[in-house]
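Q: Residues 50 to 530 in the working numbering are what the sequence shown lists, from first letter to last. To start, I am sharing the structure in question, which I have written as structure tokens.
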Amino acid sequence: MPDLETGVLVAGAGPAGLLLAAELALAGVRTTIVERLPERPPYCRGFNLNARSLDLLARRGLAESLVAEGHRVPHAPVTGLPGPLLLDGTATDHPFSLGIPQTRVEEVLEARALELGVEILRGHELRSFTQTADDVTTVVHNGQFGRTIRSRFLAGCDGGRSTVRKQAGIGFPGVDARWYALLGDVECELPYGPAVGPDGRSLFVIPRPGYVRIVVREDDPPSDKDTPVTLERLQAQVDAVLGRHVELRAPRWLSRFGDAARLASRYREGRVLLAGDAAHIHPPAGAIGVNVALDDAFNLGWKLAATVQGTAPEGLLDSYHAERHAAGGRILANTRAQVALEEAGEQPWADLMRRVAAHPAGNRALAEIITGLDACYEPGGHPWLGRLAPDVPLLMSGSETHLAALLRAGRPVLVDLTASEAFAVWSAGVEVVAASSSTLDMDAVLLRPDGHVAWVGTPGSGDAGLAEAVHRWVGKVPAAT
Ligand SMILES: Cc1cc2nc3c(=O)[nH]c(=O)nc-3n(C[C@H](O)[C@H](O)[C@H](O)COP(=O)(O)OP(=O)(O)OC[C@H]3O[C@@H](n4cnc5c(N)ncnc54)[C@H](O)[C@@H]3O)c2cc1C
């Protein structure tokens, strides 16, 4: 007998694991997280949520309070271009990046997960698991003794070195790091921004509250990249690049990262799924890691919940791999391209890219591509199909609301925009909401729980194609059709 039974066991309480668990619990699935660390580390890796993440979080009412406490920047982080990627005019409801510590985002997600009933076992490391056709049995260890947990599914949100990925036998093809950089959260007198030494080499100083983050390429990294970074090591590298001594003090976090890029060959192996860094690692260009982790979790949560609850249409869970593996491939390409751009100097193609970025339309396109705002899971149809539906204003029973608010409960919604409630008959299979809009030229729109558009009813086309879309994404077709 297992020590614990749960619906879904999530390994890892980073952004991916916390959001995934909250989404599962929102749908009513019993969910347990095991997290190796006894408490969240005091240092902070990432410092931003991008426009795409804010759009997604807003579908669950989670963006507003974060936006209120964060710092808005009207452009997207990018590497290798001389100017910013402006978000004004891009396909988002949040045309800005939000400066907010990753640790704070995790706190908010953890609070939500707990509120929804997720059990979080900190100080519990996943060691091994076996899966059958029906369930997964996982062995976790809390430093003193092991426990077994039986679940219907196991989600590996356990970071770039994912034990779950390795034990599931999922390949992680890609490229090794060509360079490593040292990172130090320290105090020093260097001004913010790039600092260039006498031989043209540079380092970067990023302002943080009460300290700075220094990032500098490492000469001769040790053969074991896990060798701890010391203040002396960072100091020597900074002095070597600057050609002078600048004292570094009060280290808060010292680390090393490289430009390796790898993508899991499968995001699903039977009853085991991967999300976030467990599924992909890439250079830090564009500060995208947290954001992709959230995107994966948001895509997976409702699909996995419906599968556990037995309501999922055939193929729904596999659409997670289809959609997010492709997205992961694009993230790797985008981040590697930014590094290549940074290293390209005066090469003609790099000059061309800079000119594209300087052109307003090119700048917007790059901003959408690099942030993932261009996500479209079904290209080629109606402009809304497969995309995240914009948060347009709506009138419902005479009251003002907006589209994102219809998705708070995490369920699929058919928005009936005909004044005659022509789509009410579909309520046997999907929640139908009657609303009106002064801007939308459509009769109805079927939204997946993640806000992506599954079907659009254009004026005069009736419900053509709706049965297929409901069958594909919701799993039940109303008897009346
Ligand atoms: C220096 C640096 C700066 C960054 N800056 C940014 C930024 O500005 N913006 C951005 O978007 N991203 C940034 N990132 C990337 C971002 O931090 C990651 O992509 C993000 O944390 C991934 O989230 P995750 O949930 O997939 O994995 P993680 O956050 O790595 O979480 C995985 C969790 O799993 C736990 N775990 C691991 N193994 C086990 C096990 N066997 N059993 C139980 N638990 C386990 C770990 O302890 C960890 O808590 C940065 C990364 C670094 C290193």
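All C-beta atoms in this analysis are idealised placements derived from N, C-alpha and C, irrespective of residue type, glycine included. Owing to the predicted nature of the structure, the values given are computational and were not obtained by experimental measurement.
1) Between Asp344 and Thr507, what straight-line distance do the alpha-carbon atoms span, to the nearest angstrom?
2) Would you mind reading off the limits of the alpha helix (DSSP H) that contains Gln151?
3) Quick check on DSSP: helix, strand or coil for Gly325?
4) Using 8 angstroms as the cut-off, classify the Cβ of His173 as near or not near the heavy atoms of ligand 1, replying yes or no.
5) Is the region 70 to 84 in contact with the region 357 to 368, if contact means three or more CB pairs nearer than 8 angstroms?
6) What residue ranges within the region 243 to 298 form continuous alpha helix (DSSP H) runs of no fewer than 4 residues, ordered along the chain?
7) Using CA atoms only, rank isn't needed, just tell me which of Leu452, Glu427, Gln180 is closest to Thr368.
8) Considering only residues of the same chain and omitting the five flanking positions on each side of Met402, which have a CB-CB separation below 7 angstroms?
9) In its own chain, which residues sit with a C-beta less than 6 angstroms from the C-beta of Val213, not counting the 5 before and 5 after it?
10) Check Thr420 in the structure and name its three-state DSSP category.
11) Given this structure, state the Cα-to-Cα distance separating His520 from Trp475, to the nearest angstrom.
12) Within the continuous beta strand (DSSP E) that includes Arg201, where are the two ends?
13) Could you check the C-alpha separation between Arg311 and Glu392 for me, to the nearest Å?
14) Between the region 63 to 76 and the region 154 to 173, can you find at least three pairs of beta-carbon atoms closer than 8 angstroms?
15) Which same chain residues, not among the five before or five after Ala529, have their C-beta less than 7 angstroms away from its C-beta?
16) Cβ of Asp465 within 9 angstroms of Cβ of Ala483?
17) Tell me the rounded alpha-carbon separation between Leu365 and Trp504.
18) Touch check for the region 409 to 419 and the region 441 to 457: three-plus C-beta pairs under 8 angstroms?
19) Looking at C-alpha atoms only, which residue of Arg89, Met50, Phe194, Ala386 is the closest neighbour of Val157?
20) Taking C-beta to C-beta, are Val339 and Gln151 nearer than 9 angstroms?
21) Per DSSP, which one or two residues make a beta bridge with Gln180?
22) Pick out whichever of Val405, Ser487, Gly63, Arg282 has its Cα sitting closest to the Cα of Ile169.
23) Would you report the Cα separation of Pro527 and Gly325, rounded to the nearest angstrom?
24) How long is the line joining the alpha carbons of Gly514 and Ala471, rounded to whole angstroms?
25) Would you kindly check if the distance between the Cβ of Thr128 and the Cβ of Gly394 is under 9 angstroms?
26) Should Asp207 be counted as a contact of ligand 1 given a C-beta to heavy atom distance under 8 angstroms?
27) State yes or no: is the C-beta of Leu134 within less than 9 angstroms of the C-beta of Phe145?
28) By how many angstroms is the C-alpha of Ala117 removed from the C-alpha of Ala230?
29) At a threshold of 8 angstroms, does Ala336 count as lining ligand 1 (C-beta to nearest heavy atom)?
30) Can at least three beta-carbon pairs, one atom from the region 431 to 450 and one from the region 487 to 495, be found at a separation below 8 angstroms?
31) Ligand 1 and Arg210: does the residue's C-beta get closer than 8 angstroms to at least one heavy atom of that ligand?
32) State the start and end residues of the unbroken beta strand (DSSP E) segment that holds Asp137.
33) Where does Val185 land, buried or exposed, given buried means 16+ other C-beta within 10 angstroms?
34) Where Leu297 and Glu480 are concerned, what is the direct C-alpha to C-alpha distance, given to the nearest angstrom?
35) Tell me the residue span of the alpha helix (DSSP H) that contains Met402.
A: Taking the coordinates as given:
1) 28 angstroms
2) 151 to 164
3) helix
4) yes
5) yes
6) 280 to 291
7) Going by the sequence as given, residue 368 is Ser instead of Thr. That would be Glu427, whose Cα lies nearest to the Cα of Ser368.
8) Leu390
9) Ala60, Gly205, Asp207
10) helix
11) 12 angstroms
12) 195 to 205
13) 20 angstroms
14) yes
15) For Ala529, the pLDDT reaches just 40, beneath the cut-off of 50, and the residue's location in the model is therefore unreliable, leaving the point undetermined.
16) yes
17) 16 angstroms
18) no
19) Arg89
20) yes
21) Val185
22) Gly63
23) The predicted position of Pro527 is uncertain, since its pLDDT is 43 and thus under 50; a value taken from the coordinates is nonetheless stated next. Their backbone Cα atoms lie some 36 angstroms apart in a straight line.
24) 15 angstroms
25) no
26) yes
27) no
28) 33 angstroms
29) yes
30) yes
31) yes
32) Unbroken run through Asp137: none, as it is neither H nor E.
33) buried
34) 59 angstroms
35) 397 to 407
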